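Here is the structure we will look at, set down as structure tokens.
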Amino acid sequence: MYPHTRSVREIATRIVYWGPSGSGKTETFRAVAARLDTATLGPLLTPTDQNDRTLFMDLLTIEMGALEGVPVRLHLVGLPGDASLNENALAVMPGADGFVFVADSSPDRQAQNRSSLESLRRHLVAIGAHDLPIVVQFNRRDAPGAVSAEQMAADLSVGPENGDWFETNALEGSGVIETLTAIAARVVRLLSAAAEERSQT
């Protein structure tokens, strides 16, 4: 049910970062890369235009240890804010194991947050992956008049029953590792459960 690439040598999982344009996905990738052991990281790729907007997608690979003795490699993919209009970007969706939704805490960006999350949910339903784990990152907590995390969770219908959420400030790096750890743990639990199920058949 949860598609992922497998080989004899490794398990490769994919986590997709989604959110409205300017919510801080590229900043999040830079903050994650700056805070992890470089020995576990592949190259950080963040192609942007002159206004620092993502041109195609952000990419970062992380070595996550092993599952049943098989190395686990985590591929992070950050899609641009207009991903719903980008067929090439959406091509990564069917291979995803989990999602991080990056929301902007600025008061004037709440409508964009809702529209982007609704778009993500529609795409997941369309590919039969509505039950994949989603962790929500309330970014830009330092924005003037930032909407409270509790209010944002209510507005986006995010609660303990359908997803974790974290407050972050990607420019300072706060909360980004906690968010990544949460979604990675969910994905690994799913892989572990799938491996156990296979061993019993």
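Its first residue numbered -17, the sequence shown is counted upward by one per residue in the working numbering. Heads up, the beta-carbon is just placed ideally off N, CA and C, and yes, glycines get one too. Because the structure is a prediction, the values reported are computed rather than measured.
Neighbour-count burial assignment, residue i, 16 or more Cβ in a 10 Å radius
i: VAL107; result: exposed
i: SER257; result: This structure gives no information on residue 257, because the portion of the chain shown stretches from -17 to 183.
i: SER139; result: exposed
i: PRO2; result: buried
i: SER(-11); result: Its pLDDT being 48, under 50, SER(-11) is placed unreliably by the model, and nothing is read from it.
i: ASN33; result: exposed
i: GLN133; result: exposed
i: GLY188; result: This structure cannot settle anything about residue 188, because the visible part of the chain is limited to -17 through 183.
i: ARG91; result: buried
i: ALA136; result: exposed
i: ARG171; result: exposed
i: ILE(-7); result: buried
i: ARG168; result: buried
i: SER174; result: exposed
i: PRO89; result: exposed
i: HIS112; result: exposed
i: GLY127; result: exposed
i: THR161; result: buried
i: ALA93; result: exposed
i: ASP31; result: exposed
i: ASP40; result: buried
i: SER98; result: buried
Pair within 7 angstroms by beta-carbon distance, residue i and residue j
i: ARG(-4); j: ALA78; result: yes
i: LEU153; j: GLU50; result: no
i: GLU149; j: GLY157; result: yes
i: LEU61; j: TRP0; result: yes
i: VAL(-2); j: VAL54; result: no
i: ALA13; j: GLY155; result: yes
i: ARG17; j: ILE159; result: yes
i: GLY80; j: PRO29; result: no
i: ASP124; j: ASN95; result: no
Range of the contiguous beta strand (DSSP E) that encloses residue i
i: LEU26; result: First-last for LEU26: undefined, no H or E at that position.
i: PRO76; result: Unbroken run through PRO76: none, as it is neither H nor E.
i: GLU154; result: Looking at the DSSP string, GLU154 is not in any beta strand (DSSP E), and its letter there is neither H nor E.
i: MET46; result: 40 to 49
i: THR(-5); result: -7 to 0
i: LEU58; result: 52 to 60
Range covered by the alpha helix (DSSP H) that runs through residue i
i: VAL14; result: 7 to 17
Cβ-Cβ separation, residue j to residue i (assumed contact under 8 angstroms), whole Å
i: ARG35; j: SER87; result: ARG35 to SER87, Cβ: 19 angstroms. No contact.
i: PHE38; j: LEU26; result: Not confirmed; about 14 angstroms, so no contact.
i: GLY6; j: VAL84; result: 6 angstroms
i: ALA15; j: LEU42; result: 6 angstroms
The ligand GTP heavy atom lying under 6 angstroms from the CB of residue i
i: ARG171; result: Of the ligands one can find in the structure shown there are none, so the ligand GTP has no counterpart to examine.
Item to check | In chain order, each beta strand (DSSP E) run of at least 3 residues that lies wholly inside the segment 87 to 146 | outcome: Given a length threshold of 3 residues, each whole run of the beta strand (DSSP E) inside the segment 87 to 146 is given here in chain order: 116 to 121.
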